[in-house]
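Beneath this line is the structure, given in structure tokens, with notes to follow.
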Amino acid sequence: MADTPDIADHSQIPVLWVCGPPGVGKTTVAWEIRSRLIREGVDAGFVDIDQLGMCFPEPAGDPGRYRMKTANLRSVVAHFQAAGARCVIVSGVLDAARGVEAEEIPQARLSLCRLRADHDELAQRFRARQGENAPVTEMLREAEALDAGNVAGTCVDTTGRTIGETAELVRQRCGFRPARQANGQPRAPRRSTTADGAVLWLCGADGVGKSATGFAVYQQTLHAGHTAAYVDLDQLAFCGPPGDHRLKAANLAALWETYHAAGARHLVITGPAEDAAAVKTYTEALPGAAFTVCRLHAAADQLAHRIALRGKGEGWPQPGDPLTGLPPEQLRRIAEAAAARADSLEHAGLGDLRVDTTTSTAQQAAEEVIARTGWAAPAEVPLP
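Heads up: take any position in the sequence shown, counting from 1, add 4, and you land on my numbering.
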């Protein structure tokens, strides 16, 4: 069966892109809009644009990786539409100098909404998120550039407003409405790429530390001198029922093709895999790449502890984290299910290697993964 095209001969899908400076609340507001649409019975896709550009060093001709992110967004929007989405909500920074042109995402009926806030409130929010030593001056400089820039679309001032108030105001001001129905019968998108390279996949049950460990491995890969990319698979599938490996794999193939063209030959991915069949979905989407699957494991008490912390909002601010804000009893049930999943994976022996993170920090686990796989050996520097 042919790949799902980025541009097809069917109707456009409404896309709302919520942009603005760091700390203004882009992701929180965009996620609230998406959550409200879901409660209204609308299958709304969501993606954080930062998750579509985690590839460094950035290309010399694309400072800020704006073109890279937009190219990946074009594919993700097409795949979400194929999967049955009636609209897509995007959060993330735009190029203050040029914004984004509608023809760059031809599948989208694009609405842009820039959030802003008074500088005192913006600085307060930024410090609350990043700490007292946050680079406030740099952030305010970016906010000023956006205020003075050429970003088209609607502007909503968030000063003194709650998340809910802002979300409602954005929808009203933009006149944003989803399509009345999905375009055709929803189907699993297909995408594959022959781009080669080395892929390290960190999988395991909820709470084992996939994202934290994987990102630490990615950072060490960059420090070793490689052009490398990082993908959190869950961030590629906010559309339809959760856990759709075919959707994740299609989006992963599109991203890897873009990153490979930018010079990346190392890819770190994180996300769950229930069995060998799930792994095969991804290896078939990237047939030219060499996969190493590393399963992380942790004892049940540690899984429960880490899941409880995520419920309190601790850890990295994952867009759409399903655990944040849940009551303790529900978190306990999730922890029990995670322990059962860990036992099942242990029994099946999934993966090329197993790393126990029970007593390890993310950095320690990353160092063990690298030592045991030989991943991220220092890149050879060409002679002058």
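Glycine included, every Cβ here is placed at the ideal spot set by N, Cα and C.
Along the length of the stretch 220-307, whole alpha helix (DSSP H) runs at least 4 residues long occupy 249-265, 280-289, reported in chain order. Secondary structure at Ala112: strand, using DSSP grouped into helix, strand and coil. Rounded to whole angstroms, the separation of the alpha carbons of Arg314 and Gln306 is 12 angstroms.
Here DSSP, grouped into helix, strand and coil, assigns Gly157 to coil. The beta-carbon separation of Leu300 and Gly208, rounded to 4 angstroms, stays under the 8 angstroms limit for a contact. When Glu372, Gly211, Ala266 are compared, the shortest CA-CA separation from Val359 is found for Glu372.
Straight-line spacing of the CA atoms in Gly103 and Leu144 works out to 18 angstroms. From the listed residues Ala381, Gln189, Gln224, Ala34, the smallest Cα separation to Gly168 is found for Ala34. Per DSSP, Val94 is one residue of the beta strand (DSSP E) stretching across 91-95.
Ala82 sits away from Thr217, with the two beta carbons spaced by 7 angstroms or more. Just measuring C-alpha positions, the residue of Glu350, His351, Gly353, Ile311 sitting nearest Glu333 is Ile311. Under the DSSP definition of a beta bridge, Trp35 lacks any partner. Note that the stretch 82-100 touches the stretch 242-257; at least 3 beta-carbon pairs, one per stretch, sit closer than 8 angstroms. For the pair Ala48 and Ile93, the CB atoms are nearer than the 7 angstroms cut-off. Arg78 places its beta carbon 7 angstroms or farther from that of Val46. When beta bridges are read from the DSSP output, Val359 appears opposite Leu300. Val140 has its alpha-carbon roughly 33 angstroms from the corresponding atom of His270. The three-state reading of DSSP puts Val174 in helix, counting H, G and I together.
Taking the Cα positions, Gln176 is about 11 angstroms away from Ile37. Counted as a single uninterrupted DSSP element, the alpha helix (DSSP H) harbouring Pro332 occupies residues 332-352. In the DSSP annotation of this structure, the continuous segment of the alpha helix (DSSP H) that includes Ile374 starts and ends at 366-377. Of the candidates His123, Ala132, Ala202, the residue whose Cα lies closest to the Cα of His230 is Ala202.
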